[in-house]
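Engineer: Quick one: the structure is below, and I'll ask about it shortly.
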Amino acid sequence: MADRQALLDRQDPLDRQDPLDRQAPLFGRVAIVGIGLIGSSLARAIARAGLAGEIAIADRNAAALARAEALGLGTSYHATAAEAAKSADLVIACVPVGACGPVAAEIAPVLSATAIVSDVGSVKGSVIRQMAPLLPNPRRLVPAHPVAGTEHSGPDAGFAELFDNRWCILTPPDDAEADAVEKVAALWKGCGANVEVMTSDHHDLVLAITSHLPHLIAYNIVGTAADLEQVTQSEVIKFSAGGFRDFTRIAASDPTMWRDVFLHNKDAVLEVLGRFSEDLAALQRAIRWGDGEQLFDVFTRTRAIRRGIIEAGQDTASPDFGRRPAVDAAPAPTEPPVKAAKAS
Ligand code: NAP
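Residues 32 to 375 (my numbering) are what the sequence shown spells out, left to right.
The structure is reproduced here in structure tokens:
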């Protein structure tokens with residue numbers, strides 16, 4: 032568990048109240064809709080810091096819901112989002128981006144006048160377009176994206192430390208109510224994250240290059256390797272100790288989540304994919320013409336970027352690409368951390 036003082040040191044001075052010493056929690060009732068990797072990590076982090084009086088959990092997947100109950104992740108468990116959202120002060124949709132609209136439609140009739148609605152989706156413009164028109168008070172919609180995750184899914188895969196010292200980006204629309212934005216920011220700080228606010232358009236462009244394109248490349252390179260006639264399945268496994276191994280880890284990410292990311296961030300991904308293809312063609316040309324100087328220059332620049340990421344504390348210099356601390360921090364799952372079987 033993260034050191035409590037370190038957690039507090041990361042908070043703004045105004046928020047530097049020990050969440051564990053609060054007289055009253057930040058929220059009375061928080062509803063978490065979707066208890067997968069992110070929803071279950073959030074439930075654990077909220078409980079760790081005592082940020083909510085009640086944590087109402089909903090999931091359409093009966094197996095995931097039962098697992099959440101067995102793990103004791105909440106205070107109540109519901110088969111529908113509407114049941115969990117009833118009398119909630121904050122409802123957080125922790126579902127794939129394409130399911131945010133249906134969740135908004137389901138909770139809208141039961142939301143109180145002061146309820147705040149948020150999400151954790153990896154795309155923000157589409158979430159606002161889907162949810163805002165359906166909500167009774169769209170000015171209390173505060174979209175959020177914790178830039179933290181793993182390739183695993185389901186309630187067993189989550190852990191309270193997932194957001195510690197990671198960024199959480201909030202993309203409130205211009206007319207969002209200030210108290211709602213402040214409370215969602217305080218929640219994420221209490222969960223250990225550093226909070227940044229930006230527009231949804233800016234978020235979607237930045238994440239297209241830093242997260243979405245890398246996943247697309249990983250899915251593609253692993254698919255290409257598997258298709259190559261000369262590279263047999265066993266050779267892919269046998270020689271995957273090199274850079275390929277890290278691509279296979281990324282390419283193991285949840286297909287539903289990533290399908291939705293590409294369908295809902297289409298414009299920004301196509302924009303950066305165009306730039307990427309041009310730069311790749313330039314490297315291809317340098318290799319063809321034996322232009323070692325250009326290759327050396329590009330590789331020197333990228334090496335400096337990697338060092339900058341390590342210096343910023345967003346990764347470690349260990350040869351496992353910084354994975355081990357997160358894995359060690361996670362409680363050992365009782366079963367392999369795969370997604371709970373879908374309810375029929
Ligand atoms: P996950 O582990 O697959 O869990 C999602 C859960 O939501 C599943 O149990 C799913 O049930 C349930 N669900 C789907 N539609 C629902 C609905 N309409 N009502 C109620 N429950 C529903 O997913 P995750 O990795 O936590 O991702 C959740 C969100 O976080 C996504 O928007 C993703 O973009 C974002 N995010 C993910 C990461 C990451 O690394 N994974 C990082 C940052 C943000 P079924 O199994 O029946 O579909």
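Built from N, CA and C at the ideal position, the CB exists for glycine as well.
1. How about Pro7 and Leu142: do their beta carbons lie closer than 9 Å?
2. Using the C-alpha atoms, what's the distance from Arg319 back to Phe327?
3. Does any residue of chain B have a CB that is nearer than 9 Å to the CB of Val173?
4. Quick one: what's Phe4 bridged to in DSSP?
5. State whether the stretch 235-250 contacts the stretch 88-102, with contact taken as three or more CB pairs (one from each stretch) at a distance under 8 Å.
6. Hey, how far is the Cα of Leu304 from the Cα of Ser107?
7. Between which two residues does the alpha helix (DSSP H) carrying His295 extend?
8. Can Asp310 be considered in contact with the ligand NAP, in the sense that its beta carbon sits closer than 8 Å to one or more heavy atoms?
9. Are there 16 or more other CB atoms within 10 angstroms of the CB of Gln315, so buried, or fewer, so exposed?
10. Between which two residues does the beta strand (DSSP E) carrying Ser107 extend?
11. Check whether the Cβ of Leu68 sits closer than 8 Å to any heavy atom of the ligand NAP, and report yes or no.
12. Is it right to say Asn296 is buried, meaning 16 or more other beta carbons lie within 10 angstroms of its own, or is it exposed?
13. So, with DSSP's three-state summary, where would you put Leu172?
14. Under 8 Å Cβ to Cβ from Leu57, same chain only, skipping five residues before and after it: list those, please.
15. When the Cα atoms are used, what is the spatial distance from Phe293 to Thr111?
16. In whole angstroms, what separates the C-alpha of Asn251 from that of Asp210?
17. Measuring CB to CB, does Ser157 end up less than 9 Å from Val128?
18. Spatial neighbours of Gln325 within its chain, please: CB distance less than 7 Å, with the 5 preceding and 5 following residues excluded, ordered by chain position.
19. Which of helix, strand or coil does DSSP assign to Trp320?
20. Is the beta carbon of Gly70 closer than 9 Å to that of Pro177?
21. Please report the Cβ distance between Val64 and Ala115, rounded to the nearest whole angstrom; I am assuming they are in contact, meaning their Cβ atoms lie under 8 Å.
22. Just the C-alpha distance for Ala62 and Val122, rounded to the nearest angstrom, thanks.
23. Look at the alpha carbon of Cys125 and the alpha carbon of Arg306, and state the distance between them as a whole number of angstroms.
24. So, at 8 Å on beta carbons, what are the nonlocal neighbours of Ala74 in its own chain, with the 5 sequence-adjacent residues on each side left out?
25. By Cβ distance below 6 Å, which residues in the same chain neighbour Ala348 in space, the five residues on each side in sequence not counted?
26. Measure how close the beta-carbons of Met162 and Ala135 come, nearest whole angstrom, since I'm counting them as under 8 Å.
27. Select from Ala55, Arg60, Leu68 and Ile77 the residue whose C-alpha is nearest the C-alpha of Gly223.
28. What does a CB cutoff of less than 7 Å around Ile281 pick up in its chain, not counting 5 residues either side in sequence?
29. Using CA atoms only, rank isn't needed, just tell me which of Arg197, Asp206, Gly323 and Val154 is closest to Leu172.
Structural biologist: Checking against the coordinates, here is how it stands:
1. The requested residue 7 is not part of the displayed model; the chain covers only 32 to 375.
2. The residue labelled residue 327 in the question sits at position 296 within the sequence shown. The residue labelled residue 319 in the question sits at position 288 within the sequence shown. If I take the Cα positions, the gap works out to 15 Å.
3. Checking the listed chains, one finds no chain B in this structure; it contains a single protein chain.
4. Outside the displayed range of the chain (32 to 375) lies residue 4, so it cannot be described from this structure.
5. Between the stretch 235-250 and the stretch 88-102 there are fewer than three inter-stretch CB-CB distances shorter than 8 Å, so the stretches are not counted as touching.
6. Translated into positions along the sequence shown, residue 304 becomes position 273. Translated into positions along the sequence shown, residue 107 becomes position 76. Between the alpha carbons of Leu304 and Ser107 lies a gap of roughly 44 Å.
7. Working through the sequence shown from its first residue, we reach residue 295 at position 264. Boundaries of the alpha helix (DSSP H) around His295: Pro286 to His295.
8. Stepping through the sequence shown from its first residue, residue 310 is reached at position 279. Asp310: no, Cβ never under 8 Å from the ligand NAP.
9. On the sequence shown, residue 315 is found 284 positions in, with the first residue counted as 1. With fewer than 16 other Cβ atoms within 10 Å, it is exposed.
10. Sequence index remark: in the sequence shown, residue 107 carries index 76 (1-based). Following the DSSP letters along the chain, one finds Ser107 inside the beta strand (DSSP E) bounded by residues Ser107 to His109.
11. Within the sequence shown, numbered from 1, the residue matching residue 68 stands at position 37. Within the chosen limit of 8 Å, the ligand NAP reaches the beta carbon of Leu68 through at least one heavy atom.
12. Here residue 296 is taken as the residue at index 265 of the sequence shown, counted from 1. Label assigned to Asn296: buried.
13. Translated into the one-based positions of the sequence shown, residue 172 becomes position 141. Strand.
14. Position 26 of the sequence shown, counted from the first residue, corresponds to residue 57. Apart from sequence neighbours up to five positions away, the residues of its chain that approach Leu57 with a beta-carbon distance below 8 Å are Pro50, Leu82, Ala83, Lys214, Ala217, Leu218 and Gly221, ordered along the chain.
15. To locate residue 293, count along the sequence shown from 1; it is residue 262. To locate residue 111, count along the sequence shown from 1; it is residue 80. Those two C-alpha atoms are separated by around 27 Å.
16. Your numbering for residue 251 matches position 220 in the sequence shown. Your numbering for residue 210 matches position 179 in the sequence shown. Approximately 43 Å, taken between the alpha carbons.
17. Here the question's residue 157 lines up with position 126 in the sequence shown. Here the question's residue 128 lines up with position 97 in the sequence shown. Contact: yes.
18. Working through the sequence shown from its first residue, we reach residue 325 at position 294. Sequence-distant Cβ neighbours of Gln325 in its own chain, meaning closer than 7 Å and more than five residues away, are Ala317.
19. Looking up residue 320 in the sequence shown gives position 289. Trp320 sits in coil when the DSSP states are folded into three classes, being neither helix nor strand.
20. As a position in the sequence shown, residue 177 is number 146, starting the count at 1. As a position in the sequence shown, residue 70 is number 39, starting the count at 1. Their beta carbons are not under 9 Å apart, which means Pro177 does not touch Gly70 by this criterion.
21. Your numbering for residue 64 matches position 33 in the sequence shown. Your numbering for residue 115 matches position 84 in the sequence shown. Contact between Val64 and Ala115 holds, since their C-beta atoms are separated by about 6 Å, short of 8 Å.
22. Your numbering for residue 62 matches position 31 in the sequence shown. Your numbering for residue 122 matches position 91 in the sequence shown. Cα to Cα, the separation comes out at about 5 Å.
23. Stepping through the sequence shown from its first residue, residue 125 is reached at position 94. Stepping through the sequence shown from its first residue, residue 306 is reached at position 275. Approximately 31 Å between the Cα atoms of the pair.
24. As a working note, residue 74 is residue 43 in the sequence shown. Taken in chain order, the residues that qualify are Ile63, Ile66, Ile86, Ile88, Ala99, Leu104, Gly105 and Gly189.
25. For the purposes of this step, residue 348 is taken as residue 317 along the sequence shown, with counting starting at 1. Here the set comprises Ile341.
26. On the sequence shown, position 131 is the one that residue 162 refers to. On the sequence shown, position 104 is the one that residue 135 refers to. Met162 to Ala135, Cβ: 4 Å. Contact.
27. Working through the sequence shown from its first residue, we reach residue 223 at position 192. Each of Ala55, Arg60, Leu68 and Ile77 was checked against the Cα of Gly223, and the nearest Cα belongs to Ile77.
28. Walking along the sequence shown from the start, residue 281 turns up at place 250. Within the same chain, Ile281 has close Cβ partners Glu182, Pro245, His246 and Ala249.
29. The residue you call residue 172 lines up with position 141 of the sequence shown. Closest by alpha carbon: Asp206.
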